[in-house]
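Engineer: Pasting a structure here, questions to come.
Numbering (our numbering), first residue to last: 6 to 347.
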């Protein structure tokens, strides 16, 4: 069984290089019947590849898919055959590193369509396959071709709006997941996983290969690679340290029913039901005073030793400035547990 499949309508520059691809209905783990039809009509011989299909090929593909009972993809192929833009039929036989722009876009779509979770797909090397583009009111434009397009727009009596210059587009130009609220759509990148019940407020941000399990209020930053558990809230201006922003190979995550206060931040993964006081940034090397039920010091440890531990409250002592940690269970018991794992 193959890994993924998609019929996508894309954009190319004047040189014929792919800039981006839109997959309305990508398929995870396509069946053998679908792959057999693709092989017979498009000459697919296996491996990972993006086939630029012509109109007559897409019409033939659509007819064959209907005969095989693959109605959904047949309708998509029929519509794609009428496209004035280039069409890519992309097949991923395995989850190997992508070798083309259409392959990268298919993987990003799989995540944003909630067909694959962050960290479940191989995304090594994708930055080299994603061109830096002008994302405009007329779609993606090669930066070298942008001045000419801007002039042409003026000649035609309108203004070409450049919304951003980036390798990643905003997710909602490609996918709008069900059951979410996103106040500023420019702040959620394609490749984000936005769980049902999530609200992303104006200052919230979700990077690619990151996201929420659902029922979360996001007013802070979810960096690349970070996953937020159900029921957890990120306060205004708070931050999670991702693999692209200093976290290295450490996978940062937030458990269920956690709260990261306004302007706070984490550089360690949090377990369930943890709270980080507003304005407090915790890195792996932060010295933390572990307190017992009577607020007496048990031991000073590094924050990394508390990674993934549940029921923790991180705060800063307003008089001494020391970072402190209290827990719903005895700090003595937690201390013994930490040393038992050494």
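C-beta: ideal position from N, C-alpha, C; glycine also.
Please state the DSSP three-state secondary structure of residue 16.
Structural biologist: Of the three classes helix, strand and coil, the one that applies to residue 16 here is strand, per DSSP.
Engineer: Indicate the three-state DSSP secondary structure (helix, strand or coil) for residue 178 in the structure shown.
Structural biologist: Three-state DSSP puts residue 178 in a helix.
Engineer: Spell out the partners DSSP gives residue 3 in its beta bridges.
Structural biologist: An answer regarding residue 3 cannot be provided, because it is not within the stretch 6 to 347 covered by the chain.
Engineer: Using the DSSP secondary-structure output, state which residues sit across from residue 129 in a beta bridge.
Structural biologist: Answer is none; residue 129 lacks a bridge partner.
Engineer: Under the three-state reduction of DSSP, which class applies to residue 78: helix, strand or coil?
Structural biologist: Of the three classes helix, strand and coil, the one that applies to residue 78 here is helix, per DSSP.
Engineer: Helix, strand or coil for residue 183, going by three-state DSSP, please let me know.
Structural biologist: Residue state, collapsed to three classes: coil.
Engineer: Going by alpha carbons, who is nearest to residue 24 out of 118, 135, 61, 51?
Structural biologist: Comparing Cα positions, the closest option is 135.
Engineer: What number of angstroms, rounded off, separates the C-alpha of residue 92 from the C-alpha of residue 264?
Structural biologist: Those two C-alpha atoms are separated by around 44 Å.
Engineer: Of the residues 319, 228, 10, 223, which one's Cα is nearest the Cα of residue 100?
Structural biologist: For residue 100, the nearest C-alpha among the options comes from 10.
Engineer: Return the residue from the list 12, 90, 29, 74 that minimises the CA-CA distance to residue 22.
Structural biologist: Nearest C-alpha to residue 22: 90.
Engineer: Using DSSP bridges, identify the partner residues of residue 33.
Structural biologist: Answer is 9.
Engineer: Under the three-state reduction of DSSP, which class applies to residue 238: helix, strand or coil?
Structural biologist: Three-state DSSP puts residue 238 in a strand.
Engineer: Just to confirm, are residue 167 and residue 139 a CB contact at a threshold of 8 Å?
Structural biologist: For residue 167 and residue 139, yes; Cβs fall inside 8 Å.
Engineer: With burial defined as no fewer than 16 other Cβ atoms inside 10 Å of the residue's Cβ, what is the status of residue 60: buried or exposed?
Structural biologist: Result: exposed.
Engineer: Which same chain residues, not among the five before or five after residue 1, have their C-beta less than 7 Å away from its C-beta?
Structural biologist: No answer is possible for residue 1: it lies beyond the span of the chain, which begins at 6 and ends at 347.
Engineer: Taking Cβ positions, are residue 195 and residue 210 nearer each other than 8 Å?
Structural biologist: No, they are not a contact pair.
Engineer: Check residue 169 in the structure and name its three-state DSSP category.
Structural biologist: Correct three-state label for residue 169: strand.
Engineer: Going by DSSP, what residues sit across from residue 331 in a beta bridge?
Structural biologist: For residue 331, which the question treats as bridged, DSSP gives the partners 318.
Engineer: Please list the terminal residues of the continuous alpha helix (DSSP H) segment that includes residue 151.
Structural biologist: From DSSP, the alpha helix (DSSP H) with residue 151 extends over 151–160.
Engineer: What are the start and end residues of the alpha helix (DSSP H) that includes residue 115?
Structural biologist: Where residue 115 is concerned, the enclosing alpha helix (DSSP H) stretches over 106–117.
Engineer: Kindly list the residues whose CB is nearer than 7 Å to the CB of residue 119, restricted to its own chain and excluding five residues on each side of it in sequence; keep chain order.
Structural biologist: Cβ neighbours of residue 119 beyond the five flanking positions: 182, 198.
Engineer: Residue 203 and residue 219 look like a contact to me (Cβ under 8 Å); what is the Cβ gap, rounded to whole Å?
Structural biologist: Indeed, because the Cβ distance is near 6 Å, the residues count as touching under 8 Å.
Engineer: Compare the beta carbon distance of residue 228 and residue 261 with 8 Å and say whether it is the shorter of the two.
Structural biologist: Cβ distance not < 8 Å, so residue 228 and residue 261 don't count as in contact.
Engineer: Applying the criterion that 16 or more other CB atoms from any shown protein chain within 10 Å of the CB defines a buried residue, is residue 311 buried or exposed?
Structural biologist: Label assigned to residue 311: buried.
Engineer: For residue 246, does the three-state DSSP call read helix, strand or coil?
Structural biologist: Here residue 246 sits in coil by DSSP.
Engineer: Hey, could you find the ends of the beta strand (DSSP E) residue 54 is sitting in?
Structural biologist: It spans 54–58 - the beta strand (DSSP E) in which residue 54 sits, taken as one unbroken run.
Engineer: With distance defined between alpha-carbon atoms, name the residue in 117, 51, 32 nearest to residue 78.
Structural biologist: Comparing Cα positions, the closest option is 32.
Engineer: Near residue 108, which residues of its chain fall below 7 Å by C-beta distance, leaving aside the five closest residues on each side in sequence?
Structural biologist: The answer, listed in chain order, is 53, 55, 95, 97.
Engineer: Is residue 310 helix, strand or coil by DSSP?
Structural biologist: If DSSP states are grouped into helix, strand and coil, residue 310 belongs with the helices.
Engineer: Could you spell out where the beta strand (DSSP E) holding residue 28 opens and where it closes?
Structural biologist: First-last of the beta strand (DSSP E) with residue 28: 23–28.
Engineer: Determine which residues share a DSSP beta bridge with residue 198 and list them.
Structural biologist: Answer by DSSP bridge pairing, in chain order: 216.
Engineer: Quick one: is residue 298 buried, meaning 16 or more other Cβ sit within 10 Å of its Cβ, or exposed?
Structural biologist: Exposed, because fewer than 16 other Cβ atoms sit within 10 Å of the Cβ of residue 298.
Engineer: Count the other C-beta atoms from every protein chain shown that fall within 10 angstroms of the C-beta of residue 175, then say buried if there are 16 or more, exposed otherwise.
Structural biologist: It counts as buried.
Engineer: What are the start and end residues of the beta strand (DSSP E) that includes residue 96?
Structural biologist: 92–97 is the span of the beta strand (DSSP E), which, as asked, contains residue 96.
Engineer: Quick one: is residue 163 buried, meaning 16 or more other Cβ sit within 10 Å of its Cβ, or exposed?
Structural biologist: Exposed: under 16 other Cβ atoms inside 10 Å.
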